[in-house]
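One structure below.
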Amino acid sequence: MVAYRAGTPILVPQFLADVERVAAILGASRHVLNACADRYHFTVGFAASLLSGKVSLLPSTHTPEVVRQLSAFAPDVVCLTDEDDCPLALPLVCYPRADTATPPPSPPRSDAAVRVPQVDAAQLAAYVFTSGSTGTPVPYRKSWGRLVACVREEGDRFGLRERAPCAIVATVPPQHMYGFESSVLLALCNGHALCAERPFYPADIAAVLAGVPRARVLVSTPVHLRAILSSGVVLPQTDLIVSSTAPLAQQLAAETEQRNGTELLEIYGSTETGQIAVRRPTHGPEWRLWPGVRLTLEGDATLAQGGHIEQPTRMCDVLELTAQGRFLLHGRLTDLVNIAGKRSSLAYLNHHLNSIPGVEDGAFFHLEESRSSQTGVARLAACVVAPSLEAQRLLEALRERIDAVFLPRPLLLVARLPRNSTGKLPQEALRALAARARSAPAQTALTIPAEHPALAGHFPGIPVLPGVLLLDEVVRMVESDGGLRGARWRIGAAKFVKPVRPGETLTLGHEPLPNGSIRFKILRAGQPVAHGVLVPLATQERPDHGRQAG
Amino acid sequence: MSDKAPLRQPASPANVTALTAEVAGLIVEALNLDLAPADIDPDTPLYGEGLGLDSIDILEIALVVSKQYGVQLRADSEENERIFGSLRQLVEYIIAHRTK
Chain A
-11 MVAYRAGTPI LVPQFLADVE RVAAILGASR HVLNACADRY HFTVGFAASL
39 LSGKVSLLPS THTPEVVRQL SAFAPDVVCL TDEDDCPLAL PLVCYPRADT
89 ATPPPSPPRS DAAVRVPQVD AAQLAAYVFT SGSTGTPVPY RKSWGRLVAC
139 VREEGDRFGL RERAPCAIVA TVPPQHMYGF ESSVLLALCN GHALCAERPF
189 YPADIAAVLA GVPRARVLVS TPVHLRAILS SGVVLPQTDL IVSSTAPLAQ
239 QLAAETEQRN GTELLEIYGS TETGQIAVRR PTHGPEWRLW PGVRLTLEGD
289 ATLAQGGHIE QPTRMCDVLE LTAQGRFLLH GRLTDLVNIA GKRSSLAYLN
339 HHLNSIPGVE DGAFFHLEES RSSQTGVARL AACVVAPSLE AQRLLEALRE
389 RIDAVFLPRP LLLVARLPRN STGKLPQEAL RALAARARSA PAQTALTIPA
439 EHPALAGHFP GIPVLPGVLL LDEVVRMVES DGGLRGARWR IGAAKFVKPV
489 RPGETLTLGH EPLPNGSIRF KILRAGQPVA HGVLVPLATQ ERPDHGRQAG
Chain B
1284 MSDKAPLRQP ASPANVTALT AEVAGLIVEA LNLDLAPADI DPDTPLYGEG
1334 LGLDSIDILE IALVVSKQYG VQLRADSEEN ERIFGSLRQL VEYIIAHRTK
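Here the protein sequences come in this chain order: A and B. Taken in order, the first sequence gives residues -11 to 538; the numbers are from this note's numbering. Taken in order, the second sequence gives residues 1284 to 1383; the numbers are from this note's numbering.
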């Protein structure tokens, strides 16, 4: 058995037939970007590429910028896709639709062997990519033999041989190094079944698990494990739960084991090295290295090499060696960023931010506030100097270049960044700038001259200023503070709470919203007089909103 | 000539309006958005370029919604785009499926 889809088994002869079909359409190019969303399709595509001597490209994200860079890296790359409307700007090879006319191959007679193709250990199976500080993805070679050795060890450490046959359900994509090893190769190289689905909501994870027989293995991440606990969804009996991509809180591990009556193992590794250590968090914080892997200190970084690791690699975290083959994990090196299990670096993100036309200076940083959220995911923020751009445009440009999970919240437009005398940008200074920009919106005092034209209005003897004139003042203030910047705009909302009379002194305040709009308020002696939102017309135009003032 | 602004929204049944405001408040709070709940246009797409939310946010919203209203979200792919198509659609889904 190779796989399950919706609980239906897919057997080896079917798998081999599918691999042959896909190999026949891959064409002559040596490189394949495997973008299949379905885990079975991905695995067939990978095997087809491997058996054809082709190299699979596995970047962690498929933004237009990354696709461009991959084309430069491997000009002959084609994209294998199983989606109807694949947006990637590459020559596409479409995964063949299920051939319902031809019956599936019948299972072999018990004494007939199924011919499983052999692959040379030295063959280059794939390139994985990390985010380099120059903004270009950095390729890392993965040879077949080392991949197999790594996941064979994984199968042993997980005790899967004793539990066989196993059905492996995963919430992670097969393209990510963790998913590639632990949801695809772990099954393929150890004779277990992978599940085609990639469930997302807790209820779906439970449903996919329920659809397969025991022994069940769930390969997931702290984000999803936390979501499962938070939702109260009860998982069917699962024999092993695996977590990786970000540290799992001890408390979360304990609760997960308890609620599900199961064992939870955590994997530590990296895109460059693959997985290199495992631990059972409820049994202690120490990690056990894979055979042959050794760690050495190099300055404040740790170098990992040996065993299945292709080349000596600096690890992104601070590791403390405790005994032969064991270490403690102390946290990441400062430039590196991990959001919901996706890894990048501030240098890489800043490179892309500053390469956007119109950006004079910009920096990503971490917000200090740690807030409790259901998923526990904290985002990055960014301060940007870009006098000719609106926040919305900037976000769109960033979306072209970096993975959506790293988009800044909030993105603050500022006059200048707080660089110190050596040009460096301390995180503290950025956080302080952000705090000021958010909590103390720009304010201006305005006194309406006593002889200002006003309307007799509804109140006899009490002339009032038309709302539209107040809005005029707001716009003037916002423009002089650098907001709106000549863009066309409309009033998103305007509420006039109290009438304003000539001779009164008002305070006008405004602050930018993350979507590029501007919220304003007008106070008189601390009391609200009017408030609303100005929306640049570059964002969506809603013809039925017809707002007018005055 | 009046100097008062017109009402923001056309009239809708009182309970839908109240629920919409409540759900908008949950979203803003759960995602720590720099918006007032009233600033979320009920018809703006939540996912992608509208409100700029991604799949982690959708999961976050799904969890707070399930806690608050007892609705378990499932990813039947077409349904999912409809449920999270906009605040209005999310509210409609909650009304139809809430158990709390």
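A virtual CB, placed ideally from N, CA and C, is assigned to each residue, including glycine.
Alpha carbon to alpha carbon, how far is residue i from residue j?
i         : j         : result
Ala181/A  : Arg151/A  : 12 angstroms
Cys304/A  : Pro47/A   : 18 angstroms
Gly346/A  : Ser376/A  : 6 angstroms
Ala158/A  : Ser44/A   : 21 angstroms
His296/A  : Asp1337/B : 35 angstroms
Arg202/A  : Leu413/A  : 54 angstroms
Ala198/A  : Leu253/A  : 21 angstroms
Gly364/A  : Asp73/A   : 32 angstroms
Thr226/A  : Ala482/A  : 55 angstroms
Pro162/A  : Asp26/A   : 8 angstroms
Pro490/A  : Gly480/A  : 26 angstroms
Arg419/A  : Asp1324/B : 30 angstroms
Ile264/A  : Glu298/A  : 12 angstroms
Ala1358/B : Ser361/A  : 21 angstroms
Phe353/A  : Leu1318/B : 21 angstroms
Ile156/A  : Ile344/A  : 42 angstroms
Glu1361/B : Gly1368/B : Residue placement at Glu1361/B is flagged as unreliable, the pLDDT there being 48, under the threshold of 50; the coordinate-derived value follows with that caveat. Taking the straight line joining both Cα atoms gives about 10 angstroms.
Thr259/A  : Gly120/A  : 12 angstroms
Ala351/A  : Val402/A  : 11 angstroms
Pro437/A  : Arg512/A  : 15 angstroms
Arg397/A  : Glu1332/B : 14 angstroms
Asn408/A  : Lys130/A  : 42 angstroms
Gln57/A   : Leu324/A  : 22 angstroms
Pro1381/B : Ala1301/B : Note that residue 1381/B corresponds to Arg in the displayed sequence, not to Pro. Cα to Cα, Arg1381/B sits roughly 15 angstroms from Ala1301/B.
Leu496/A  : Ala425/A  : 16 angstroms
Val1374/B : Val1299/B : 8 angstroms
Tell me whether residue i sits in a helix, a strand or coil according to DSSP, three-state version.
i         : result
Arg103/A  : coil
Ile297/A  : coil
Leu1309/B : helix
Ala265/A  : strand
Gln515/A  : strand
His498/A  : strand
Arg478/A  : strand
Val488/A  : coil
Val523/A  : strand
Arg56/A   : helix
Val0/A    : helix
Thr49/A   : coil
Ser98/A   : Note on Ser98/A: pLDDT 44, under 50, position unreliable in the model; the coordinate value appears next. Three-state result, Ser98/A: coil.
Tyr166/A  : helix
Val160/A  : coil
Leu458/A  : helix
Ala1321/B : helix
Glu71/A   : coil
Asp64/A   : coil
Leu1314/B : helix
Glu308/A  : strand
Can you tell me which of the options puts its alpha carbon nearest to the alpha carbon of residue i?
i         : options                                    : result
Tyr336/A  : Asn22/A, Ile229/A, Leu309/A, Val54/A       : Val54/A
Pro105/A  : Ala35/A, Gly167/A, Val136/A                : Ala35/A
Arg389/A  : Gly455/A, Val7/A, Asn338/A                 : Asn338/A
Ile1339/B : Gly329/A, Ala482/A, Leu459/A               : Gly329/A
Leu173/A  : Gly33/A, Thr495/A, Ile436/A, Gln57/A       : Gly33/A
Pro190/A  : Gln1355/B, Pro1328/B, Ile1366/B            : Gln1355/B
Val266/A  : Tyr(-8)/A, Leu76/A, Tyr166/A, Pro153/A     : Tyr166/A
Tyr1352/B : Val1306/B, Pro1296/B, Pro1320/B, Val1299/B : Val1306/B
Thr261/A  : Thr301/A, Thr284/A, Ala289/A               : Thr301/A
Thr284/A  : Thr310/A, Ser170/A, Asn178/A, His498/A     : Thr310/A
Ala137/A  : Ala109/A, Gly123/A, Thr118/A               : Ala109/A
Asp144/A  : Pro125/A, Gly179/A, Leu112/A               : Gly179/A
Pro487/A  : Leu334/A, Tyr115/A, Leu458/A               : Leu458/A
- Item | Contained alpha helix (DSSP H) runs [length at least 4] in the segment 371 to 439 of chain A, N- to C-terminal order | The alpha helix (DSSP H) runs of length 4 or more contained entirely in the segment 371 to 439 of chain A are, from start to end of the chain, 379 to 389, 415 to 427.
- Return the chain-ordered ranges of every alpha helix (DSSP H) run that is complete within the segment 119 to 154 of chain A and spans a minimum of 4 residues. Secondary structure within the segment 119 to 154 of chain A: the alpha helix (DSSP H) runs of 4 or more consecutive residues, fully enclosed, are 132 to 145, 148 to 151 (chain order).
- Ranges of the beta strand (DSSP E) found wholly within the segment 318 to 365 of chain A, counting only runs of at least 3: Those beta strand (DSSP E) runs which fall completely within the segment 318 to 365 of chain A and span 3+ residues are 324 to 327, 330 to 333, 349 to 354.
- Three CB pairs or more closer than 8 angstroms across the segment 1342 to 1358 of chain B and the segment 1297 to 1315 of chain B: Verdict: yes, contact present.
- Where are the beta strand (DSSP E) runs, 3 residues long or more, that stay fully inside the segment 174 to 261 of chain A, in chain order? List check, beta strand (DSSP E) in window: 181 to 183, 204 to 208, 228 to 231, 252 to 258.
- Residue ranges of each alpha helix (DSSP H) within the segment 1337 to 1382 of chain B, 4 or longer: Taken in chain order, the complete alpha helix (DSSP H) segments of 4 or more residues contained in the segment 1337 to 1382 of chain B are 1338 to 1352, 1360 to 1366, 1370 to 1380.
- Any contact of the segment 227 to 247 of chain A with the segment 176 to 196 of chain A, i.e. 3+ C-beta pairs under 8 angstroms? Too few Cβ pairs lie closer than 8 angstroms, so no.
- Taking only runs that begin and end inside the segment 10 to 44 of chain A, name each unbroken alpha helix (DSSP H) of 4 or more residues, in chain order. Along the segment 10 to 44 of chain A, the alpha helix (DSSP H) occurs as fully enclosed runs of 4 or more residues at 27 to 39, listed in sequence order.
- Message: Whether or not the segment 214 to 226 of chain A and the segment 235 to 254 of chain A are in contact is what I'm after, with contact meaning three or more pairs of Cβ atoms, one per stretch, closer than 8 angstroms; do they touch?
- Response: Cβ pair count under 8 angstroms is three or more, so yes.
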